[in-house]
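Visitor: Residues 200 to 387 (this note's numbering) are what the sequence shown spells out, left to right.
Just so it is clear, CB atoms sit at the ideal spot from N, CA and C, and this is done for glycine as well.
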Amino acid sequence: LYFSNPAINIKKLALFLRQKISFKLGLAFVLFGILSFLNFFLIRHFKNQEKSDAQVVNVAGRQRMLSQRIALSGEMIFDSKPHAKSSLKKAILTCDQSLKSLETGGLAPGFSEPLPPASARILNTIKEVKELWLQYRGHAENLLNEPQNEISLTYLEAQSMDMLQAFDGLVKAYVSENEAKQSRLNMV
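1) Is the beta carbon of L292 sitting closer than 9 angstroms to the one on P313?
2) Which term fits S351, buried or exposed, when burial requires 16 or more other beta carbons within 10 angstroms of its beta carbon?
3) If you check the beta carbons only, do A365 and E327 fall under 9 angstroms apart?
4) Helix, strand or coil for L314 per DSSP?
5) Determine the DSSP secondary structure at N377, reduced to helix, strand or coil.
6) The alpha helix (DSSP H) spanning L343 covers which residue range?
7) Which residues mark the beginning and the end of the alpha helix (DSSP H) in which D295 is found?
8) State the CB to CB distance for the pair L265 and I325, rounded to an integer number of angstroms; the pair is presumed to be in contact (CB under 8 angstroms).
9) Could you compute how far the alpha carbon of K219 sits from the alpha carbon of L234?
10) Judging by CA-CA distance, which residue of Q347, K284, N344, Y335 is the nearest neighbour of R263?
11) Could you tell me how far apart the beta carbons of L342 and L287 are, in whole angstroms, since I believe they sit closer than 8 angstroms?
12) Within a Cβ cutoff of 6 angstroms, which residues of the same chain sit near G305, ignoring the five residues on either side of it in sequence?
13) Measuring CB to CB, does F222 end up less than 9 angstroms from N257?
14) If contacts are defined as beta-carbon pairs under 8 angstroms, then L363 and Q267 qualify, I think. What distance do you get, rounded to the angstrom?
15) With C-beta atoms as the reference, is F277 less than 9 angstroms away from Q347?
16) Pick from L331, A372, S279: whose alpha carbon is nearest that of V255?
17) Work out the CA separation of E274 and K280 for me, nearest whole Å.
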């Protein structure tokens, strides 16, 4: 910027520098606004994911209780308690539908939000649980059809702790996966 009058040179230089500074400040405010906006939506996304993870753990945890309710209802049916059949049917249906929802995603009975599909790591655990569940469910259904079926009652009594531990292992797998997610989030 070369001009013949030095006073004009200084004024123009000062104006030029002020424009650069105001541009930089304006750019900083715009970037800060964009980052704040992105931060808001990221936090919101992770909060929703956390809520979904908690629901998955709740559904998986309920499976433990249902496995024991099935064994108890089986005992009650064998002992000719009239209300036990409806309790057993409901427990089998709820447990079966919940396990499917945990595996493939979707609504689990008694919950209003859909579950996400299981991850590949969790699918391996579900596969193991499902093998035991199918036999367990079969014997429980046998008691619905033949209330005095001692073989099925004995099976339920013998396998109720194994079923409980299998569902507990599923809960632990979900909790472990959620802790890993939380750890990755904390690093970000």
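Guide: In short:
1) On the sequence shown, position 93 is the one that residue 292 refers to. On the sequence shown, position 114 is the one that residue 313 refers to. No, they are not a contact pair.
2) Taking the first residue of the sequence shown as position 1, residue 351 is located at position 152. Looking at its Cβ environment, which holds 16 or more other Cβ atoms inside 10 Å, S351 is buried.
3) Here residue 365 corresponds to residue number 166 of the sequence shown, with the count starting at 1. Here residue 327 corresponds to residue number 128 of the sequence shown, with the count starting at 1. Yes; because the gap between Cβ atoms is below 9 angstroms, this pair is in contact.
4) The residue given as residue 314 occupies position 115 in the sequence shown. It is a strand residue.
5) Start at 1 with the first residue of the sequence shown, and residue 377 comes out as number 178. Reduced to three states, the DSSP call for N377 is helix.
6) The sequence position of residue 343 within the sequence shown is 144, counting from 1. Its alpha helix (DSSP H) spans residues 319–344.
7) Counted from its first residue, the sequence shown places residue 295 at position 96. It spans 283–303 - the alpha helix (DSSP H) in which D295 sits, taken as one unbroken run.
8) Counting from one through the sequence shown, the residue named residue 265 turns up at place 66. Counting from one through the sequence shown, the residue named residue 325 turns up at place 126. 15 angstroms between Cβ atoms; not a contact.
9) For the purposes of this step, residue 219 is taken as the residue at position 20 of the sequence shown. For the purposes of this step, residue 234 is taken as the residue at position 35 of the sequence shown. If I take the Cα positions, the gap works out to 22 angstroms.
10) Reading the sequence shown from its first residue, position 64 is the one you call residue 263. If we check each option's Cα against that of R263, Y335 comes out closest.
11) The residue given as residue 342 occupies position 143 in the sequence shown. The residue given as residue 287 occupies position 88 in the sequence shown. That pair is a contact at about 7 angstroms.
12) Indexing the sequence shown from 1 puts residue 305 at position 106. Hits under 6 angstroms: P313.
13) The residue you call residue 222 lines up with position 23 of the sequence shown. The residue you call residue 257 lines up with position 58 of the sequence shown. No, the Cβ-Cβ distance between F222 and N257 is not below 9 angstroms.
14) Within the sequence shown, the letter at position 164 stands for residue 363. Within the sequence shown, the letter at position 68 stands for residue 267. About 6 angstroms; that satisfies the 8 angstroms criterion.
15) Walking along the sequence shown from the start, residue 277 turns up at place 78. Walking along the sequence shown from the start, residue 347 turns up at place 148. It is a contact, given that the beta carbons lie within the stated cut-off.
16) To locate residue 255, count along the sequence shown from 1; it is residue 56. Looking at the Cα atoms, A372 is the closest of the given residues.
17) Taking the sequence shown and counting its residues from 1, one reaches residue 280 at position 81. Taking the sequence shown and counting its residues from 1, one reaches residue 274 at position 75. About 9 angstroms.
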